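In the UniProt record's numbering, the protein residues as written are 1 to 77.
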């Protein structure tokens with residue numbers, strides 16, 4: 001525990017703690033807004049579409065590199 005020799009030191013540390021608290025509160029607000037933005041339906045749809053396109057591109061590249069062809073199963077009735 002820190003020992004203080006004057007009220008001036010106490011006041012200085014209190015000001016620092018108050019500023020740190022305000023900074024932390026603003027960071028929380030910012031994180032909440034970022035989370036809201038990231039979880040919006042438009043953002044989620046964009047992420048899903050991007051992921052699908054990325055996987056399709058990778059699959060196409062791997063297929064081209066390995067020479068594999070698309071295999072389709074046919075079921076006779």
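We treat Cβ as the ideally placed atom computed from N, Cα and C, and that holds for glycine.
Only a predicted model underlies this, so the values are computations on that prediction, with no experimental measurement involved.
So residue i and residue j are supposed to be a Cβ contact under 8 Å. How far apart are they, rounded?
i	j	result
residue 51	residue 43	Not quite, the Cβ-Cβ distance comes to about 13 Å (not below 8 Å), so this is no contact.
Under the three-state reduction of DSSP, which class applies to residue i: helix, strand or coil?
i	result
residue 68	coil
residue 9	helix
residue 22	helix
residue 123	With the chain covering 1 to 77 only, the question about residue 123 has no answer from this structure.
residue 40	coil
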